[in-house]
Structure formats: C-alpha cells, structure tokens
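Numbering (the UniProt record's numbering), first residue to last: 1 to 115. C-beta atoms are modelled at their ideal positions from N, C-alpha and C, and glycine is treated no differently. Since the structure is predicted, the reported quantities are computational estimates derived from the model, not experimental observations.
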C-alpha cells in the first residue's frame, strides 16, 4: 500500500503548513491493520465516528507533540478518517504515512498483543 513519496524534510514542512496547530505525527515502515469485527462491534464504532483499523508504525520520523522520539514505534488509536491517500486521522491526531506500507487483516487477539 503506498503512502506519501515525500522525503522526511518535505513531509515535515507540508505537515507544519497543513496542521499549524500541531497534533500530527510522521511515520515510516508502517502496517495498516484492519481489525476483524462483528457487525454489532462495527455499528458501535460507527456511533463514535471510528472505524476498525489502526496503524502500527515501526519508525516515528517526527511527532509535533513530542509524545514519541524519532525512531520509536507507535500504535495509533482507531481510525476516524482517511484522506489524501496518506492522512490517517484518529479522533485526536493525524498520522502521515510516508513511504510504502502494508495493509492486512488482524484479529482482536493480535491487536491486544500490541497494546
């Protein structure tokens, strides 16, 4: 699955212009995990404007809120909205997916191991 082809410095400049008030994180070497859910679970998530997907990134490039250091891994909360082909937005942050990544299904048990 492609992310943005921008190099790190260009992506940082882009993010600062696009999100001047922060709450963004640039990541590379990422996995998009589609969480297997029942219809009832999916409906419950929809009521809270979330979708059963998250990102597990092996490399933080930059975090505007300094929650993670450069090179750390990060696991996002659930997807709120995906746009621009590389903006993975949760209810409190946007993660810019840089470079290629992998999208795959994951069971709830697998996800619980990441928490």
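(1) Given that a residue counts as buried once 16 or more other Cβ atoms are within 10 Å of its Cβ, and exposed if not, what is residue 40?
(2) Taking only the alpha-carbon atoms, compute the straight-line gap between residue 46 and residue 105 and give it to the nearest angstrom.
(3) Secondary structure at residue 13, three-state DSSP: helix, strand or coil?
(4) Which stretch, first to last residue, makes up the alpha helix (DSSP H) that contains residue 78?
(5) Would you list the one or two residues that DSSP bridges to residue 55?
(6) Indicate whether the contact test is met: 3 or more Cβ pairs, each with one atom in the segment 47 to 62 and one in the segment 85 to 103, closer than 8 Å.
(7) Should the segment 17 to 37 be regarded as contacting the segment 93 to 111, the criterion being three or more beta carbon pairs within less than 8 Å?
(8) List the whole-angstrom C-beta distance separating residue 60 from residue 27, where the pair is believed to meet the contact cut-off of C-beta under 8 Å.
Based on what the coordinates show:
(1) Stepping through the chain shown from its first residue, residue 40 is reached at position 40. Per the 10 Å Cβ criterion, exposed.
(2) Working through the chain shown from its first residue, we reach residue 46 at position 46. Working through the chain shown from its first residue, we reach residue 105 at position 105. Taking the straight line joining both Cα atoms gives about 19 Å.
(3) The residue you call residue 13 lines up with position 13 of the chain shown. Helix.
(4) As a first step, residue 78 must be located in the chain shown, where it is residue number 78. That residue, residue 78, is in no alpha helix (DSSP H); it is neither H nor E in DSSP.
(5) For this step, residue 55 is matched to residue 55 along the chain shown. Answer by DSSP bridge pairing, in chain order: 32.
(6) Result yes; three or more Cβ-Cβ pairs closer than 8 Å.
(7) Because the criterion of three Cβ pairs below 8 Å is met, the segment 17 to 37 and the segment 93 to 111 touch.
(8) In the chain shown, residue 60 corresponds to position 60, counting from 1. In the chain shown, residue 27 corresponds to position 27, counting from 1. Correct: roughly 6 Å between the Cβ atoms.
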